[in-house]
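Protein chains in written order, with the numbering used here: chain A, 23 to 618; chain B, 47 to 173.
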């Protein structure tokens, strides 16, 4: 059946949660009403567009994108655009600068500066249709390696491409494969680490939801290179949609003979199994992940021996991240030279980031290495909402650190970000504005890692608890001289004494925020003030007696009746009753509520 | 479903090519049927169905058929604009399904512009 128009509706987890499936039924209903069923096809894609602007859809071949769709918008959209060919401007993306709608997908800066390698097929194919993946050069790389390349050739190609682990460590992928291949142990295993646990990160989930076959093909290439016949995809149970799509993709690949015995009719055998993790952050660490698959408690162990020597069931095991594996089909198809031409001297190719926090265009982006953080935040991200001032960006989630505005021209590159005290990490990027308190943010991340610490090393178990207590004291006005120095000393000790990556990186948000925002800590401790006015124990609400007109709106809205005064006369706040809920601040039309 | 060989990849690609060029926007030619209220009233939906049938029955895979809004010359609807790659667009007016078939045969398939049905070459200038 041929259609004249494709409606590509994003059905990633986020769009589904805001009603994408209702939009789908409404679209079907309206299309039927105009007898357009034979002309227009609805395709369900994954992660196609700005994730906080869902539900979204793209109309092809017109290349027009719509956002924030509601059921009531659909009748008009179908009649105007799909029937009469007139794009509906009121539903388009609005440029945050000049406030004009932008019609074409490609003209939106968010898209324009991206370069898709791992997300090659995002939003353009139906993840459940293997044929559509094949039509986009799918499984061509697999055919190429099986027919024309030896495993050693493949390893050399990946070494030449300069691909490094995208899970955070940045270890050269080709080299890891070589260690695993050369190890005499047998059988060998390949594990895909899709245990994405940091707050604000959704790269792996989005890649799987949009294009599961890229991951499967990548795993086939990697398995051929290292000589594995069995693979596991370790994905957390919190990702039901990703698991469903992956499951369906694996079944289809098996039907086509692309997984299982004698792949593509060759003598190479490989099959994968999905292993559902229970969602412990520590399982992102490779030795804990292996223990989890083996059925043991998810605790890390000493390395060496590394998993490439003694991994799953003590056999050589190669663990790669989702994004690393999803890049492979393109590297094989277009060549190592092409891949190595993108990026910086030591960091090649592209990196997927999930942009979140105080940013206009929160979403999934893939950019060439070497792009600056400034371009990332202000060009692709579209800047900070409500004209607030940028404060810092947290890279690498709870294992990473904050990067202040003075360092925004830092290029995205493994080494350069590390020099700034943060890490590239798996690609979470949380943007903070002037209203965010750095002490409070540091406390939030420590609270997270404290909960997620497996408890094996006392430095991590007890140390993070102690850090959390001190940070809470500072936020609640009980900070004392010497706390900052103690936090620094303790942080270093935790890093030095902990065994796995969790403990070795957990103090980083505190250490980097002390490094770049020491004055905020000092203000909390010495002056008992929170400069961002976030920590409720350190702020007080009062009424500006000159500005207040006595309009009474705050008085009426105050939930604890803390505002007292007569009508048409300036009001006052009874501090014993005030719970600092900020309702008065929000309702006041005369800017008369002071916080300080 | 039978197991596939590397050679089958090209066959599968060919089979879904029409769908994919629609999404990638890379056809050899684009036919735009003007579907404003005026166009629909004058019968542009019949033109659309005719062209879809032509494409379907001849199993053509490299042409994009799409809609556009009113072209501004409502009295001469139904209209289509034919845009063969690297050539200026041609607007055809006063169409009937029969005329659309002839245009499809001659212009799209053989590259020969049907002058008697054509209004003009090119599109309006956009400031």
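Glycine included, C-beta positions come from ideal geometry on N, C-alpha and C.
Pairwise C-alpha distance: residue j and residue i
i	j	result
residue 97 (chain A)	residue 105 (chain A)	11 Å
residue 49 (chain B)	residue 271 (chain A)	15 Å
residue 466 (chain A)	residue 330 (chain A)	35 Å
residue 538 (chain A)	residue 426 (chain A)	7 Å
residue 565 (chain A)	residue 612 (chain A)	11 Å
residue 377 (chain A)	residue 616 (chain A)	33 Å
residue 232 (chain A)	residue 500 (chain A)	48 Å
residue 527 (chain A)	residue 365 (chain A)	26 Å
residue 301 (chain A)	residue 55 (chain A)	45 Å
residue 273 (chain A)	residue 58 (chain B)	18 Å
residue 59 (chain A)	residue 472 (chain A)	54 Å
residue 78 (chain A)	residue 67 (chain A)	11 Å
residue 222 (chain A)	residue 468 (chain A)	15 Å
residue 90 (chain A)	residue 116 (chain A)	11 Å
residue 238 (chain A)	residue 295 (chain A)	11 Å
Bounding residues of the beta strand (DSSP E) (the contiguous stretch that carries residue i)
i	result
residue 114 (chain B)	109-114
residue 451 (chain A)	450-455
residue 203 (chain A)	From DSSP, residue 203 (chain A) is part of no beta strand (DSSP E) but of the alpha helix (DSSP H) over 195-204.
residue 609 (chain A)	First-last for residue 609 (chain A): 605-609, but that is the alpha helix (DSSP H), not the beta strand (DSSP E).
residue 341 (chain A)	339-343
residue 297 (chain A)	293-299
Same chain only: Cβ atoms within 6 Å of residue i, ignoring 5 sequence neighbours per side
i	result
residue 502 (chain A)	none
residue 165 (chain B)	137, 139
residue 224 (chain A)	376
residue 219 (chain A)	303, 306
residue 188 (chain A)	343, 345, 346
residue 100 (chain B)	150
residue 174 (chain A)	none
Within 8 Å, strictly: CB atoms of residue i and residue j
i	j	result
residue 86 (chain A)	residue 51 (chain A)	no
residue 197 (chain A)	residue 181 (chain A)	yes
residue 62 (chain A)	residue 127 (chain A)	no
residue 417 (chain A)	residue 393 (chain A)	no
residue 290 (chain A)	residue 246 (chain A)	yes
residue 350 (chain A)	residue 285 (chain A)	no
residue 495 (chain A)	residue 338 (chain A)	no
residue 256 (chain A)	residue 202 (chain A)	no
residue 356 (chain A)	residue 371 (chain A)	no
residue 236 (chain A)	residue 358 (chain A)	no
residue 521 (chain A)	residue 322 (chain A)	yes
residue 384 (chain A)	residue 73 (chain A)	yes
residue 405 (chain A)	residue 131 (chain A)	no
residue 482 (chain A)	residue 516 (chain A)	yes
residue 212 (chain A)	residue 340 (chain A)	yes
residue 299 (chain A)	residue 259 (chain A)	yes
residue 112 (chain B)	residue 148 (chain A)	no
residue 158 (chain A)	residue 66 (chain B)	yes
residue 27 (chain A)	residue 76 (chain A)	no
residue 96 (chain B)	residue 146 (chain B)	yes
residue 443 (chain A)	residue 524 (chain A)	no
residue 459 (chain A)	residue 519 (chain A)	no
residue 389 (chain A)	residue 415 (chain A)	no
residue 569 (chain A)	residue 584 (chain A)	no
residue 217 (chain A)	residue 334 (chain A)	no
N-terminal and C-terminal residue of the alpha helix (DSSP H) that residue i is part of
i	result
residue 176 (chain A)	173-183
residue 11 (chain A)	The requested residue 11 (chain A) is not part of the displayed model; chain A covers only 23 to 618.
residue 266 (chain A)	262-277
residue 482 (chain A)	480-497
residue 372 (chain A)	No alpha helix (DSSP H) holds residue 372 (chain A); the beta strand (DSSP E) holding it covers 372-379.
residue 543 (chain A)	530-547
residue 235 (chain A)	234-248
residue 37 (chain A)	35-39
Sequence-distant residues of its chain with Cβ nearer than 7 Å to residue i (five each side left out)
i	result
residue 84 (chain B)	116, 120, 123
residue 48 (chain A)	93, 96
residue 90 (chain B)	79, 80, 81, 123, 124
residue 411 (chain A)	455, 456
residue 252 (chain A)	209, 211, 293
Cβ-based neighbour list, residue i, same chain, cut-off 8 Å, excluding 5 preceding and 5 following
i	result
residue 111 (chain A)	123, 125
residue 287 (chain A)	279
residue 620 (chain A)	This structure leaves residue 620 (chain A) out entirely; chain A is present only between 23 and 618.
residue 153 (chain B)	128, 130, 136, 159, 160
residue 46 (chain A)	31, 33, 64, 66
Note to self: Quick check for students: name the residue ranges of the beta strand (DSSP E) that lie wholly in the region 89-146 of chain B, counting only runs of 3 or more.
What the structure shows: The beta strand (DSSP E) runs of length 3 or more contained entirely in the region 89-146 of chain B are, from start to end of the chain, 109-114, 126-130, 136-138.
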